[in-house]
Amino acid sequence: MDLELFDYADGLYEITKEQKVTREMMREFAEREIAPEIQLSDDSASYNRSFLLKMGRLGVLGLCVSEHYGGSGFDYNCLAIACEELEKVDNSARLTLTTHVGTYIMPLVQWGTDEQKVKYLIPAVKGQNIGAFALSESEAGSDAWNIKATARKEGDHYVLNGIKDWVSLIDVADNFLVFARTGKKISCFIVERNFPGVETQSLSGKMYIRVANTGQLLLNNVRVPRENLLGEEGEGKAVAASGMDNARFTVAAGSVGLIHGCLNACVKYAQTRKSFGQPIGNFQLIQSKIVDITTSTKIARFLVQNVGRLMNEGQFYTRETAMAKWYATKKAFEAASHAIQIHGANAYLHDLPLERYLRNAKGAMIYTGTNEIMEIIIAEYTLGIRKDKPLRKRLPTWPFEDDIS
Numbered sequence: 009m010d011l012e013l014f015d016y017a018d019g020l021y022e023i024t025k026e027q028k029v030t031r032e033m034m035r036e037f038a039e040r041e042i043a044p045e046i047q048l049s050d051d052s053a054s055y056n057r058s059f060l061l062k063m064g065r066l067g068v069l070g071l072c073v074s075e076h077y078g079g080s081g082f083d084y085n086c087l088a089i090a091c092e093e094l095e096k097v098d099n100s101a102r103l104t105l106t107t108h109v110g111t112y113i114m115p116l117v118q119w120g121t122d123e124q125k126v127k128y129l130i131p132a133v134k135g136q137n138i139g140a141f142a143l144s145e146s147e148a149g150s151d152a153w154n155i156k157a158t159a160r161k162e163g164d165h166y167v168l169n170g171i172k173d174w175v176s177l178i179d180v181a182d183n184f185l186v187f188a189r190t191g192k193k194i195s196c197f198i199v200e201r202n203f204p205g206v207e208t209q210s211l212s213g214k215m216y217i218r219v220a221n222t223g224q225l226l227l228n229n230v231r232v233p234r235e236n237l238l239g240e241e242g243e244g245k246a247v248a249a250s251g252m253d254n255a256r257f258t259v260a261a262g263s264v265g266l267i268h269g270c271l272n273a274c275v276k277y278a279q280t281r282k283s284f285g286q287p288i289g290n291f292q293l294i295q296s297k298i299v300d301i302t303t304s305t306k307i308a309r310f311l312v313q314n315v316g317r318l319m320n321e322g323q324f325y326t327r328e329t330a331m332a333k334w335y336a337t338k339k340a341f342e343a344a345s346h347a348i349q350i351h352g353a354n355a356y357l358h359d360l361p362l363e364r365y366l367r368n369a370k371g372a373m374i375y376t377g378t379n380e381i382m383e384i385i386i387a388e389y390t391l392g393i394r395k396d397k398p399l400r401k402r403l404p405t406w407p408f409e410d411d412i413s
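For the sequence shown, the positions run 9 to 413 when the numbering used here is used.
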């Protein structure tokens, strides 16, 4: 049961036809393709690439990409809706959009040359090639710019060396956006899996997002053509920061779906479970938790919608994305905890997704920037320590023009 109270039109922004279509399409897709197998996939920690290809055929991977490059041409809030509906079932599916769309497709749209868009963007939109984002290292997580990977220029190539950690879609990605030092600055490179010297190692035994495929990318004297430099040499920080903003937008949107999923489960249970001769929904302590989940759903969605609006208008959105990610992920974890408390011992049964929700919600408070880092970003903007700086290239405003290069 999905509470109609929480359709996307919550009164803050007018819902569009494209947003309605996206919600209906993604809700049906998640229930048909993901829900029947997700518990088994979570138990076995197995990733199925086939649903990525199906999303490509549906046009999901190019929702907010111009039709000129094979996309649907929808606005950025349609991507948020897709993430919300996917994470209502499981966040491993949403993480696929975070990685492939937020940190690969969207940086290609923003920073790529026409040649790079033809070679890499169009196949990525169709799901024919899968992309990943390789920034983190063993000593460069929250301290993201402390990376040690290097790129040495040799003629018309760069030679890359280093090890990247916590790379999502590690076993299925065809291409990686790799960040490495070029002298004192950082640059971004499109690295194909089949380049000599590229190796990958997957991680196992994770507490959260078990279905999502994560691991290390090892680079040993990998020769990358100069034309695979994304952005200009030394522009890697800006490329990475824009990709991380996009990722946080999708994480926040997905967390709205997780909160909503908890709410659906709690309302159904509170109306049917009886204790002391009456439905437990009649008791104020149960109602208090449901109030918190209900309100969190609304507020988190408003914050996400506002980020989408700023993206549509071509405005800066780093601060607002940090706010949305910080609030939505925190409230998703609280909602999952409330849901387990309301369901009592039944919450630990495999028939319900609540313990999986709780594990996954905690992960979202860490990846793409911990919630503590989000607090620092928000505080620095508020105190005037951090200010937005002009970028050489920006994401295209919506509606998109035919030529967005």
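Glycine included, each C-beta is placed from N, C-alpha and C at the ideal position.
Everything numeric in this text was worked out from a predicted model, so none of it was measured.
With the rule of 3 Cβ pairs closer than 8 angstroms, the region 237 to 251 does not count as touching the region 278 to 286. Cβ-Cβ distances below 6 angstroms link residue 61 to 135 in the same chain, with the five nearest sequence neighbours on each side left out; the list follows chain order.
Between residue 312 and residue 261, the gap from beta carbon to beta carbon is short of 7 angstroms.
Counted as a single uninterrupted DSSP element, the alpha helix (DSSP H) harbouring residue 297 occupies residues 292 to 321.
The alpha carbon of residue 137 has as its nearest neighbour, out of 153, 145, 128, the alpha carbon of 128. A distance below 7 angstroms separates the beta carbons of residue 381 and residue 150. Looking at the backbone, the Cα of residue 44 and that of residue 205 are separated by about 39 angstroms. DSSP, read as helix, strand or coil, puts residue 259 in helix.
Looking only at 99, 246, 393, 39, the smallest Cα-Cα distance to residue 118 is reached by 246.
Its chain contains 270, 365, 366, 369 as the residues whose beta carbon lies nearer than 6 angstroms to that of residue 344, once the 5 sequence neighbours on both sides are disregarded; these appear in chain order. Residues 14, 264, 267, 268, 271 of the same chain have their beta carbon placed closer than 7 angstroms to that of residue 305, with the five preceding and five following residues left out of the count. With a beta-carbon spacing of about 6 angstroms, residue 72 and residue 82 fall inside the 8 angstroms limit used to define contacts.
By the Cβ-count criterion, residue 233 is exposed, with fewer than 16 other Cβ atoms from all chains shown falling within 10 Å of its own Cβ. C-alpha of residue 384 to C-alpha of residue 133: approximately 34 angstroms in a straight line. Contact between residue 237 and residue 195 holds: their C-beta atoms lie close to 6 angstroms from each other, under 8 angstroms. Around the Cβ of residue 214, a 10 Å sphere holds fewer than 16 other Cβ atoms; the residue is exposed. Taking residue 131 as the centre and dropping the five residues before and after it, the same chain places the C-beta of 137 closer than 7 angstroms to its C-beta, in chain order. Residue 177 sits away from residue 148, with the two beta carbons spaced by 7 angstroms or more. In the structure shown, the three-state DSSP call for residue 276 is helix.
115 is the residue among 351, 390, 115, 54 whose C-alpha sits nearest the C-alpha of residue 184. Residue 74 counts as buried, since at least 16 other C-beta atoms from the protein chains shown sit within 10 angstroms of its C-beta. When beta bridges are read from the DSSP output, residue 283 appears opposite 286.
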